[in-house]
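Student:
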Amino acid sequence: MSVLANPSSPDRPQPRAGVMAIDPYVPGKSGAKTGVKVYKLSSNETPLGPSPQAVAAYKNAADHLELYPDGGSTALRDAIGQKYGLDPSRIICGSGSDEILSLLTSAYVGPGDEGIYTTHGFLVYKLALLAAGGVPVVAEEKNLTACVNTILAKVTAKTKIVFLANPNNPTGTYLPFDEVKRLHQNLPAHVLLVLDAAYAEYVRRNDYAAGIELVATNENVVMTRTFSKIHGLAMLRLGWGYAPAAVADALNRIRGPFNVNGPAMTAGIASLQDEAHMAKALDHNDHWLPWLTKEIEALGLTVTPSVGNFLLIHFPQTKGRSAKEADAFLTERGLILRAVGAYGLPDCLRLTIGSEEANRLVVTALKDFMARA
Ligand SMILES: *Cc1c(COP(=O)(O)O)cnc(C)c1O
Numbered sequence: 411m412s413v414l415a416n417p418s419s420p421d422r423p424q425p426r427a428g429v430m431a432i433d434p435y436v437p438g439k440s441g442a443k444t445g446v447k448v449y450k451l452s453s454n455e456t457p458l459g460p461s462p463q464a465v466a467a468y469k470n471a472a473d474h475l476e477l478y479p480d481g482g483s484t485a486l487r488d489a490i491g492q493k494y495g496l497d498p499s500r501i502i503c504g505s506g507s508d509e510i511l512s513l514l515t516s517a518y519v520g521p522g523d524e525g526i527y528t529t530h531g532f533l534v535y536k537l538a539l540l541a542a543g544g545v546p547v548v549a550e551e552k553n554l555t556a557c558v559n560t561i562l563a564k565v566t567a568k569t570k571i572v573f574l575a576n577p578n579n580p581t582g583t584y585l586p587f588d589e590v591k592r593l594h595q596n597l598p599a600h601v602l603l604v605l606d607a608a609y610a611e612y613v614r615r616n617d618y619a620a621g622i623e624l625v626a627t628n629e630n631v632v633m634t635r636t637f638s639k640i641h642g643l644a645m646l647r648l649g650w651g652y653a654p655a656a657v658a659d660a661l662n663r664i665r666g667p668f669n670v671n672g673p674a675m676t677a678g679i680a681s682l683q684d685e686a687h688m689a690k691a692l693d694h695n696d697h698w699l700p701w702l703t704k705e706i707e708a709l710g711l712t713v714t715p716s717v718g719n720f721l722l723i724h725f726p727q728t729k730g731r732s733a734k735e736a737d738a739f740l741t742e743r744g745l746i747l748r749a750v751g752a753y754g755l756p757d758c759l760r761l762t763i764g765s766e767e768a769n770r771l772v773v774t775a776l777k778d779f780m781a782r783a
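Take the position in the sequence shown, starting the count at 1, then add 410; the result is the number in this note's numbering.
#1: Does the region 713 to 727 come close enough to the region 579 to 599 to have 3 or more Cβ pairs within less than 8 Å?
#2: Going straight from the alpha carbon of residue 644 to that of residue 556, what length do you get?
#3: Can you tell me which residues fall inside 5 Å of ligand 1, judged by beta-carbon distance to its nearest heavy atom, and keep chain order?
#4: State yes or no: is the C-beta of residue 565 within less than 9 Å of the C-beta of residue 605?
#5: Going straight from the alpha carbon of residue 743 to that of residue 772, what length do you get?
#6: Taking the Cβ atom as the reference point for each residue, do residue 551 and residue 569 lie within a distance shorter than 9 Å?
#7: Runs of 3 residues minimum, wholly inside the region 623 to 694: which ones carry the beta strand (DSSP E) assignment?
#8: Please confirm whether residue 499 and residue 674 have their CB atoms less than 9 Å apart.
#9: Assuming residue 548 and residue 524 make a contact with CB atoms under 8 Å, what is their CB distance in whole Å?
#10: Where does residue 739 sit, in a helix, a strand or coil, going by DSSP?
#11: To the nearest angstrom, report how far apart residue 616 and residue 475 are at their CA atoms.
#12: For residue 526, tell me which candidate among 520, 670 and 562 has the shortest Cα-Cα distance.
#13: Buried or exposed: which applies to residue 443, given that a residue is buried once 16 or more other Cβ atoms fall within 10 Å of its Cβ?
#14: Just tell me which of 510, 463, 441 and 437 has its CA closest to the CA of residue 666.
#15: Taking 8 Å as the cut-off, does the region 453 to 464 touch the region 749 to 767 (at least 3 CB pairs, one atom from each stretch)?
#16: For a quick check, are the C-beta atoms of residue 779 and residue 740 less than 9 Å apart?
#17: Taking all protein chains shown into account, decide if residue 411 is buried (16 or more other Cβ within 10 angstroms of its Cβ) or exposed.
#18: Report the residue from 746, 624, 433 and 691 whose alpha carbon sits nearest the alpha carbon of residue 589.
#19: Spell out the partners DSSP gives residue 573 in its beta bridges.
#20: Counting contacts by CB-CB distance shorter than 9 Å, is residue 434 in contact with chain B?
#21: Could you tell me the distance, in whole angstroms, from the CA atom of residue 702 to the CA atom of residue 603?
#22: Does the beta-carbon of residue 678 have 16 or more other beta-carbons within 10 angstroms, so that it is buried, or is it exposed?
#23: Around the Cβ of residue 423, are there at least 16 other Cβ atoms within 10 angstroms (buried) or fewer (exposed)?
#24: CA-CA distance, residue 432 and residue 515?
#25: Counting only runs that start and end within the region 449 to 501, where is the alpha helix (DSSP H) found for 4 or more residues in a row?
#26: For residue 513 versus residue 661, is the C-beta distance shorter than 9 Å?
#27: Determine whether the beta carbon atoms of residue 633 and residue 622 lie at a separation below 9 Å.
#28: Expressed to the nearest angstrom, what Euclidean distance is found between the alpha-carbon atoms of residue 766 and residue 726?
Here it is as structure tokens:
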């Protein structure tokens with residue numbers, strides 16, 4: 411047993427109960443063997459990069475790194491409020507939406523309290539719950555999609571929070587807004603419903619809504635959003651949440667006083683204003699998401715219909731055709747997809763919609779993979 415795993419070494423400080431039971435989050439890999447051009451399609455990053463105006467704003471901020479940022483993220487909250495028609499006092503900003511998810515959990519979940527998420531839900535929920543000493547409760551999905559009935563069946567007197575990624579990562583599926591409303595209507599008033607809408611901008615469905623309306627009219631719903639995906643600012647770590655006033659107040663009490671850095675804020679504001687860049691990113695996805703789905707299905711593989719900027723590809727368990735072997739084969743060509751065994755999907759790989767070049771190379775590589783003896 412490694413010293414790290416020994417829970418009872420008496421001669422050094424010990425983390426709280428449960429901390430060492432958490433499996434560290436493993437991000438999408440980014441490397442291949444040397445000499446091969448790498449296409450990173452493992453973390454749902456945009457192939458278009460950020461808005462040039464966001465990059466310029468970021469560079470400008472470099473002239474005054476000696477100054478503390480505005481701890482209230484005022485200008486950013488105002489810009490978000492203006493863009494979406496929201497009350498800025500109910501917006502909370504964070505170092506990635508991951509931080510908002512953690513803050514919500516540590517504010518509302520204590521030791522022994524339960525938090526619900528779905529079978530293939532985003533891994534950060536479990537991590538945040540365990541870190542808070544909470545008990546993760548998994549609600550079964552139906553057809554790789556969250557199921558309102560099974561979530562509701564898991565609610566007990568101990569339930570404090572329900573996480574719903576809508577659309578979900580890594581499945582790419584979503585719940586229509588009617589279903590989200592039905593979920594909310596049947597939750598006890600003391601349970602906080604967290605709608606993680608990291609991919610909301612990509613969704614092209616009339617029956618979808620990120621959840622703003624529910625947050626606006628209820629005390630127990632929060633919507634989280636990110637600048638990491640369509641805005642292309644993942645490296646800056648910037649996310650936000652829209653919350654009832656009392657929830658925003660609780661989060662403002664426990665967050666770090668300067669939890670969002672200045673260059674990230676100014677880049678975020680510029681990005682919100684660059685609507686042309688956003689439209690370009692959406693057009694790109696609208697074209698290549700269906701193209702990749704169709705091409706990959708034509709190879710005899712199953713693809714879960716996705717409304718995000720990524721696809722879940724299912725491989726057969728046959729030797730020579732497995733997800734694991736496909737992963738190795740694609741990596742050899744510099745095509746880095748995401749293995750999703752940690753999400754309970756060992757026979758799948760998740761593919762981020764990439765540049766035209768990357769997308770075409772993936773299809774060619776999968777064709778060769780399926781054709782090899
Ligand atoms: C990428 C992603 C996020 C965003 O995380 P950040 O911390 O904002 O980078 C949140 N939720 C889901 C489901 C995601 O896939």
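Don't be surprised by glycine CBs; every beta carbon is placed ideally from N, CA and C.
Owing to the predicted nature of the structure, the values given are computational and were not obtained by experimental measurement.
Tutor: Looking at the atomic coordinates:
#1: Touching, yes, given that three or more Cβ pairs across the two stretches are closer than 8 Å.
#2: Against the sequence shown, residue 644 aligns to sequence position 234. Against the sequence shown, residue 556 aligns to sequence position 146. In a straight line, the C-alpha of residue 644 is about 26 Å away from that of residue 556.
#3: Put simply, the residues with a CB less than 5 Å from any heavy atom of ligand 1 are 506, 507, 508, 532, 575, 579, 606, 608, 636, 638 and 649, in chain order.
#4: On the sequence shown, residue 565 is found 155 positions in, with the first residue counted as 1. On the sequence shown, residue 605 is found 195 positions in, with the first residue counted as 1. No, the Cβ-Cβ distance between residue 565 and residue 605 is not below 9 Å.
#5: Residue mapping note: residue 743 aligns to position 333 of the sequence shown, counting from 1. Residue mapping note: residue 772 aligns to position 362 of the sequence shown, counting from 1. One C-alpha to the other measures close to 9 Å.
#6: Here residue 551 refers to the residue found at position 141 of the sequence shown. Here residue 569 refers to the residue found at position 159 of the sequence shown. Residue 569 sits away from residue 551, with the two beta carbons spaced by 9 Å or more.
#7: As for any beta strand (DSSP E) of minimum length 3 sitting wholly inside the region 623 to 694, the runs are 631 to 636 and 649 to 652, ordered along the chain.
#8: Position 89 of the sequence shown, counting from 1, holds the residue named residue 499. Position 264 of the sequence shown, counting from 1, holds the residue named residue 674. Taking 9 Å as the Cβ cut-off, residue 499 and residue 674 do not qualify as a contacting pair.
#9: If you number the sequence shown from 1, residue 548 lands on position 138. If you number the sequence shown from 1, residue 524 lands on position 114. Their Cβ separation, rounded to whole angstroms, is 11 Å, which puts residue 548 and residue 524 out of contact at 8 Å.
#10: In the sequence shown, residue 739 corresponds to position 329, counting from 1. DSSP places residue 739 in helix when its eight states are reduced to three.
#11: Your numbering for residue 616 matches position 206 in the sequence shown. Your numbering for residue 475 matches position 65 in the sequence shown. Answer to the nearest angstrom: the Cα atoms are 44 Å apart.
#12: One-based indexing of the sequence shown puts residue 526 at position 116. For residue 526, the nearest C-alpha among the options comes from 562.
#13: Start at 1 with the first residue of the sequence shown, and residue 443 comes out as number 33. Exposed: under 16 other Cβ atoms inside 10 Å.
#14: Looking up residue 666 in the sequence shown gives position 256. Scanning 510, 463, 441 and 437 for the CA closest to the CA of residue 666 turns up 510.
#15: The region 749 to 767 makes contact with the region 453 to 464, as at least three CB pairs between them are under 8 Å.
#16: Mapped onto the sequence shown, residue 779 falls at position 369. Mapped onto the sequence shown, residue 740 falls at position 330. Cβ distance < 9 Å, so residue 779 and residue 740 count as in contact.
#17: As a working mapping, residue 411 is identified with position 1 in the sequence shown. Because residue 411 carries a pLDDT of 46, less than 50, the predicted location of this residue cannot be relied on, and the following value inherits that uncertainty. Label assigned to residue 411: exposed.
#18: Start at 1 with the first residue of the sequence shown, and residue 589 comes out as number 179. If we check each option's Cα against that of residue 589, 624 comes out closest.
#19: By 1-based counting over the sequence shown, the position of residue 573 is 163. Note: residue 573 sits in a beta bridge opposite 604.
#20: Protein chains in the displayed structure number just one, and chain B is not present.
#21: Here residue 702 is taken as the residue at index 292 of the sequence shown, counted from 1. Here residue 603 is taken as the residue at index 193 of the sequence shown, counted from 1. Distance between the alpha carbons of residue 702 and residue 603 is about 33 Å.
#22: By one-based count along the sequence shown, residue 678 stands at place 268. So residue 678 ends up on the buried side.
#23: Working through the sequence shown from its first residue, we reach residue 423 at position 13. Residue 423 should be labelled exposed.
#24: Here residue 432 refers to the residue found at position 22 when the sequence shown is read from its first residue. Here residue 515 refers to the residue found at position 105 when the sequence shown is read from its first residue. Roughly 15 Å between the two C-alpha positions.
#25: Segments of the alpha helix (DSSP H) lying fully in the region 449 to 501: 462 to 471 and 484 to 494.
#26: Counting from 1 along the sequence shown, the entry for residue 513 is found at position 103. Counting from 1 along the sequence shown, the entry for residue 661 is found at position 251. Result yes, Cβ atoms of residue 513 and residue 661 sit closer than 9 Å.
#27: As a working note, residue 633 is residue 223 in the sequence shown. As a working note, residue 622 is residue 212 in the sequence shown. The answer is yes: Cβ separation under 9 Å.
#28: Taking the first residue of the sequence shown as 1, we reach residue 766 at position 356. Taking the first residue of the sequence shown as 1, we reach residue 726 at position 316. One C-alpha to the other measures close to 27 Å.
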